[in-house]
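Residue numbers (the working numbering): 1186 to 1404.
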């Protein structure tokens, strides 16, 4: 078979990936693109100049690998989140990767995987089940309330009965926007029997609720 006629179905894919389509948010030519969380305002000239200068400086070290632990970036992120949340955070509380999806994948590689389960409350971020599938983590789900908010009683019941290894709670929820109060997150945590809770705060800057980092010292 010639290379130009080989399709994905011809390759030795894992059985659980056959017949599935790659995920990607549509790139729409519209002024406001909330589906990809883009800023509608272009960067200022001062920022562009600063980035260009930083790239020029970094280019002198292109023959070396960058800091694999991203300590400088994590230090700045810790300072930003400390100011934003009022919770003192250090480098040890932060991790950096190529976008949040890579971090979600790393978390499921570490805490999910074959023989383990993850649960989410739908509708919510569509990458949670996709990344679970890619890491061979069995995906479970429970429904949200009619207004798409998190029904905390349903969530606690699902976690108690199904005993997942990983629990996803998106706050604010993508795509419906509701945030989850800390007291509800405590109820989920108290219902868990081992495993980890991942609070996905990708849209955290738009939330009126305190960040889940406020619970770190308690759990």
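Just so you know, even glycine gets a beta-carbon here, dropped at the ideal spot from N, CA and C.
Close Cβ partners of residue i (< 6 Å) along its chain, the five nearest in sequence each way excluded
i: residue 1314; result: 1324
i: residue 1302; result: 1323, 1325, 1349, 1350
i: residue 1364; result: 1356, 1357, 1392, 1394
i: residue 1281; result: 1255, 1258, 1259
i: residue 1398; result: 1270, 1272
i: residue 1308; result: none
Residue i versus residue j - alpha carbon distance
i: residue 1374; j: residue 1216; result: 40 Å
i: residue 1312; j: residue 1200; result: 20 Å
i: residue 1277; j: residue 1263; result: 9 Å
i: residue 1297; j: residue 1286; result: 15 Å
i: residue 1205; j: residue 1193; result: 10 Å
i: residue 1378; j: residue 1369; result: 16 Å
i: residue 1492; j: residue 1195; result: Since the first and last residues shown for the chain are 1186 and 1404, residue 1492 lies out of range.
i: residue 1382; j: residue 1400; result: 11 Å
i: residue 1245; j: residue 1224; result: 30 Å
i: residue 1241; j: residue 1234; result: 11 Å
i: residue 1376; j: residue 1345; result: 6 Å
i: residue 1247; j: residue 1236; result: 16 Å
i: residue 1211; j: residue 1220; result: 8 Å
i: residue 1218; j: residue 1226; result: 11 Å
i: residue 1366; j: residue 1238; result: 42 Å
Sequence-distant residues of its chain with Cβ nearer than 7 Å to residue i (five each side left out)
i: residue 1310; result: 1355, 1359, 1385
i: residue 1189; result: none
i: residue 1327; result: 1304, 1306, 1339, 1340, 1343
i: residue 1336; result: 1329, 1330
Sequence-distant residues of the same chain with beta carbon closer than 8 Å to residue i, five excluded per side
i: residue 1391; result: 1357, 1362
i: residue 1396; result: 1266, 1269, 1270, 1272, 1386, 1389
Beta bridge counterpart(s) of residue i as assigned by DSSP
i: residue 1325; result: 1304
i: residue 1353; result: 1383
Buried versus exposed, by CB contacts within 10 Å (16 or more), residue i
i: residue 1342; result: exposed
i: residue 1389; result: buried
i: residue 1317; result: buried
i: residue 1191; result: exposed
Where residue i sits in the DSSP three-state scheme
i: residue 1205; result: coil
i: residue 1296; result: helix
i: residue 1239; result: helix
i: residue 1290; result: helix
i: residue 1259; result: helix
i: residue 1265; result: helix
i: residue 1366; result: coil
i: residue 1220; result: helix
i: residue 1377; result: coil
i: residue 1272; result: coil
i: residue 1344; result: helix
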